[in-house]
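Heads up, the sequence shown is in the working numbering, so the first residue is 1 and it goes up one at a time.
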Amino acid sequence: MPRKKTDIQEKEENKASIEENFARLEDIIKKLEAGDSTLEESFTCYEAGMKLVKSLSGQIDNVEKQIQILSEGDENE
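Next comes the structure, spelled out in structure tokens:
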């Protein structure tokens, strides 16, 4: 059974930059595409990848909100 991430690991994942998380996701994808992992390892990688996708989605949403706020500020000037 895959090990659960600790709170510290999840916080580190959230602190990582978008670029770092995309690089980690790319590494996971390469490992899965290689096809030389056991089923359990593949599932663990898939699970980690899905968590990264969720984290990246939140990070991108935050950036979009910041851009929207900045754009609204420009319109008011």
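For glycine and all other residues, C-beta sits at the position ideal for the given N, C-alpha and C.
Rounded straight-line distance, which links the Cα of residue j to that of residue i
i: E33; j: L70; result: 40 Å
i: P2; j: C45; result: Residue placement at P2 is flagged as unreliable, the pLDDT there being 49, under the threshold of 50; the coordinate-derived value follows with that caveat. Distance between the alpha carbons of P2 and C45: 10 Å.
i: I28; j: E47; result: 10 Å
i: S57; j: E72; result: 22 Å
i: E75; j: R24; result: 37 Å
i: D36; j: E64; result: 38 Å
i: L52; j: K15; result: 12 Å
Check whether residue i and residue j have beta carbons under 8 Å apart
i: I67; j: I18; result: no
i: N21; j: S55; result: yes
Neighbour-count burial assignment, residue i, 16 or more Cβ in a 10 Å radius
i: L39; result: exposed
i: N62; result: exposed
i: E26; result: exposed
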